[in-house]
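A short worksheet on the structure shown next.
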Amino acid sequence: MAAGRGLRMMPLTSHTSKAMIQFNNAMLIANSLKQLVKLNLETISITVGYKGAELAEYAIKEGVHNVFNTNGKGNSWWIYHTLLKQLDEPVLVLTCDNIVEIDLEWISQQYQQFNEPTCMLIPVKPVKGIEGDFIQHQNHKITTLSRTETTSIYGSGIQILNPKKINGMTEAVENFYDVWQQLMSKELLVASETYTKTWYSVNTEAQLQMAEKLYTNR
């Protein structure tokens, strides 16, 4: 998902989208995209918004197969209103502002371990200064997501979901939080074990600078 405007990162995003700001001598989105391309996945799709044509051109050159323009729409709009809604198989969802080491083998193993749930969130241990939805669960079925009730884990922005199942189980909404609320009410939202690979999220200019330092010192 790379349709975010990045208003909290002004002035860096005054003339570009959040996905295209510079990180480690490349676009921010490149950190995850290059890893996905190396995995030789059957299909890589991207959502774009502000400056979508520029981002789409870059993404296609890098190996993306599908581009969905979701400008002005919420972050879950694509599940209900694009060709992906008919997809009856797992989709790995990443956000462009995540700086993460993608362990697809581990994520896939977790998805199988929890019986291919309709939607599975990948939690991480909270990182100081990075906001997130704190997770409460019972036997990995998520019961509460909260920004204020702190726990030992919160959402990373990484999830695996089945679009066709979600369409069959929920009403169409534009925000993932509203998707998750519907799934929680049906006990269909699952949390994997805690992800232990490198993870960081960039929402402000200060976080971008911190991420640069962490990346350089790895």
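Heads up, the sequence shown is in this note's numbering, so the first residue is 953 and it goes up one at a time.
C-beta atoms are modelled at their ideal positions from N, C-alpha and C, and glycine is treated no differently.
Please classify N1127 as buried or exposed, where buried requires at least 16 neighbouring CB atoms within 10 angstroms.
Stepping through the sequence shown from its first residue, residue 1127 is reached at position 175. Result: exposed.
Beta bridge counterpart(s) of A1074 as assigned by DSSP
Counted from its first residue, the sequence shown places residue 1074 at position 122. The amino acid occupying residue 1074 in the given sequence is Ile; Ala does not appear at that position. The partner list for I1074 (beta bridge, DSSP) reads I1110.
Buried or exposed for S1104, going by 16 or more other Cβ atoms inside 10 Å?
For this step, residue 1104 is matched to residue 152 along the sequence shown. Its Cβ having fewer than 16 others within 10 Å, S1104 is exposed.
How big is the Cα-Cα spacing for W1029 and F1020?
To locate residue 1029, count along the sequence shown from 1; it is residue 77. To locate residue 1020, count along the sequence shown from 1; it is residue 68. If I take the Cα positions, the gap works out to 10 Å.
Within 10 Å of its beta-carbon, does S1137 have 16 or more other beta-carbons around it, so buried, or fewer, so exposed?
Here the question's residue 1137 lines up with position 185 in the sequence shown. Label assigned to S1137: exposed.
Given T1146, which residues of its chain have a CB within under 7 Å of its CB, disregarding the five upstream and five downstream residues?
One-based indexing of the sequence shown puts residue 1146 at position 194. Closer than 7 Å at the Cβ level, and outside the excluded window around T1146, lie P1075, V1076, K1077, I1105.
Output the distance between the C-alpha atoms of L985 and Y1010, rounded to the nearest integer angstrom.
If you number the sequence shown from 1, residue 985 lands on position 33. If you number the sequence shown from 1, residue 1010 lands on position 58. One C-alpha to the other measures close to 11 Å.
My assumption, with CB atoms under 8 Å, is that N1114 sits in contact with E1041. Please give the rounded CB distance.
Residue mapping note: residue 1114 aligns to position 162 of the sequence shown, counting from 1. Residue mapping note: residue 1041 aligns to position 89 of the sequence shown, counting from 1. Rounded, the Cβ-Cβ distance is 7 Å, consistent with contact.
With distances taken from CA atoms, which of G1107, N977, M972 is nearest S1098?
The count along the sequence shown starts at 1 and reaches residue 1098 at position 146. With distances taken between Cα atoms, S1098 lies closest to G1107.
Tell me which residue opens and which closes the alpha helix (DSSP H) that Q1038 is part of.
Walking along the sequence shown from the start, residue 1038 turns up at place 86. Per DSSP, Q1038 lies in no alpha helix (DSSP H) and is assigned neither H nor E.
Three CB pairs or more closer than 8 Å across the stretch 1044-1058 and the stretch 1147-1156
yes
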